[in-house]
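K.L.:
Sharing a structure below in structure tokens format, with a few things to ask.
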Amino acid sequence: MSKRAVLEVIALDAEDAVAAQAGGADRLELVTDMAADGLTPSASTVAAIRAAVDIDVRVMLRLADGFAAGDVERLTRVAGELREAGATQFVLGFLDAEGDVDLGAVEQIAKVLDGCRWTFHRAIDRAANRDALRKQLADFPGLDTYLTAGAAGGVDEGLSVLLAEARRRGEPGYEQQLLVGGGLRLDHVPGLLDAGIDGFHIGGAARPAGWDGPVSADAVAEWRRVLGH
Numbered sequence: 020m021s022k023r024a025v026l027e028v029i030a031l032d033a034e035d036a037v038a039a040q041a042g043g044a045d046r047l048e049l050v051t052d053m054a055a056d057g058l059t060p061s062a063s064t065v066a067a068i069r070a071a072v073d074i075d076v077r078v079m080l081r082l083a084d085g086f087a088a089g090d091v092e093r094l095t096r097v098a099g100e101l102r103e104a105g106a107t108q109f110v111l112g113f114l115d116a117e118g119d120v121d122l123g124a125v126e127q128i129a130k131v132l133d134g135c136r137w138t139f140h141r142a143i144d145r146a147a148n149r150d151a152l153r154k155q156l157a158d159f160p161g162l163d164t165y166l167t168a169g170a171a172g173g174v175d176e177g178l179s180v181l182l183a184e185a186r187r188r189g190e191p192g193y194e195q196q197l198l199v200g201g202g203l204r205l206d207h208v209p210g211l212l213d214a215g216i217d218g219f220h221i222g223g224a225a226r227p228a229g230w231d232g233p234v235s236a237d238a239v240a241e242w243r244r245v246l247g248h
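Numbering of the sequence shown is given in my numbering, commencing with residue 20 and proceeding in unit increments.
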């Protein structure tokens, strides 16, 4: 690999953020309520983490479990409040009842983000048609990353999809970085790196004590070692 692979770590609070940075994380995904797979944190948490670390932070925009946008007006208000609290990068992704991308919701949020960089999260793994979703979002301002396991069931199930999409990087709809996460293990890393994938996302893997425990700097450092410095 000619450039350092990106390691993104889920953080719930400033303690997590400090440990993740100490272990060598490049970026944080900031969420709350992992029982619902990660929802939007408070503006005060965003401000505290921005004060505690100097690595990139992507803040989740998701108000309820599932991949429906829900109250888009509230989402846009929240996005504005988070920007005022110091958030400059975000994570979002909405599907309609048919499993297609909810373009209306994404357009409204992207307008508020006003060019901020953002990740389309694992909603893509539940999409009716991944390729169609990517092409519909190909030219969206700020979208530079897809967080994906390749399949709803995780990386083991989606590995062939990830490798196929990596081969298409640079095609229309495939310019964005693949950030692999969702059941990702260290033993997946060599093959993904060999395929040219340069983004990796971990949550539970950074927490030896489980979600009730904090991020471990040592656990993050082990991932950093395997990914390369």
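For each residue, glycine too, the CB sits at the ideal point set by N, CA and C.
So is D144 buried or exposed if we call it buried at 16+ other beta carbons inside 10 Å?
P.N.:
With 16 or more Cβ atoms within 10 Å of its Cβ, D144 is classed as buried.
K.L.:
If I follow the unbroken beta strand (DSSP E) through W137, where does it start and stop?
P.N.:
R136 to F139 is the span of the beta strand (DSSP E), which, as asked, contains W137.
K.L.:
Can you tell me which of D231, V239, W230 and T138 puts its alpha carbon nearest to the alpha carbon of Q196?
P.N.:
Nearest option by C-alpha distance: T138.
K.L.:
In angstroms with no decimal places, state the Cα-to-Cα distance between S63 and L166.
P.N.:
If you take the alpha carbons of S63 and L166, they lie about 25 Å apart.
K.L.:
If the criterion is Cβ atoms closer than 7 Å, does the pair F109 and L80 meet it?
P.N.:
Yes; because the gap between Cβ atoms is below 7 Å, this pair is in contact.
K.L.:
If the criterion is Cβ atoms closer than 7 Å, does the pair G177 and A170 meet it?
P.N.:
Yes, these two residues count as a Cβ contact at 7 Å.
K.L.:
Per DSSP, H207 is paired with what?
P.N.:
None; H207 has no bridge partner.
K.L.:
Let's test the definition: count the other Cβ atoms within 10 Å of the Cβ of H220 and tell me whether it reaches 16, buried, or not, exposed.
P.N.:
It is buried - the Cβ of H220 has at least 16 other Cβ atoms within 10 Å.
K.L.:
Given this structure, state the Cα-to-Cα distance separating A225 from A238, to the nearest angstrom.
P.N.:
Spanning the two alpha carbons is a distance of roughly 5 Å.
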